[in-house]
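Read through the structure below, which is laid out as structure tokens, and then see the notes.
Residue numbers (the UniProt record's numbering): 1 to 204.
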């Protein structure tokens, strides 16, 4: 039993390292700017299939197929993400210039928006590969699940904070497993939230 547990741990380490490598390669294939989001969503797609028990799929074939099929939609959703980040950044700069030394209600509201947007992004990537719907519906689903799943959201945030601390003290691990570990963590909790809500649906 102990040997079996060690084997499974090593197997997951190899999987994460391999899919992380694919993420880097396909990001570069898209010249970074056009490859980052398709590669990221493809990574989430593979990890989701693993977590659903589909561990015998061809990782490279599954990754590349999803990359090609969702290339334009992934980049479009990526533009929406970047627009949101840019909008927050502009507001931060504006507030810093107009009221650099005072903590105002506007500061507090903006910090709340940043927190909500960050939590929303935690669900956005798993929602995209789980629901395979239009961009607006994916964004709506991600936002709603963030709101109605406070326990899963809190556990996700705590787990990611712990993961960030590990990578801070051991930077090489971030290079080898960073994005793959982030994907595994967020997808794990997101799937639990999705399944829990589905089990409560009237027709489930």
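Beta carbons are placed, not taken as given, at the ideal position from N, Cα and C, and that holds for glycine.
- Taking the CA atoms as reference points, residue 127 sits about 7 Å from residue 141.
- At the C-beta level, residue 160 and residue 186 come within 9 Å of one another.
- If you compare the alpha carbons of 14, 51, 194, 28 with that of residue 124, the shortest gap goes to 194.
- Taking residue 34 as the centre and dropping the five residues before and after it, the same chain places the C-beta of 75 closer than 7 Å to its C-beta, in chain order.
- Ranked by Cα distance from residue 181, the first of 162, 196, 197 is 162.
- Contact annotation, residue 8 with residue 130: C-beta distance approximately 24 Å; criterion of less than 8 Å not satisfied.
- When the five nearest sequence neighbours on each side are left out, the beta carbons in the same chain lying within less than 7 Å of the beta carbon of residue 188 are those of 51, in order along the chain.
- For residue 34, there is no enclosing alpha helix (DSSP H), as DSSP gives it neither H nor E.
- Here residue 42 carries a helix assignment [DSSP, helix/strand/coil].
- Taking C-alpha positions only, residue 45 is separated from residue 148 by approximately 23 Å.
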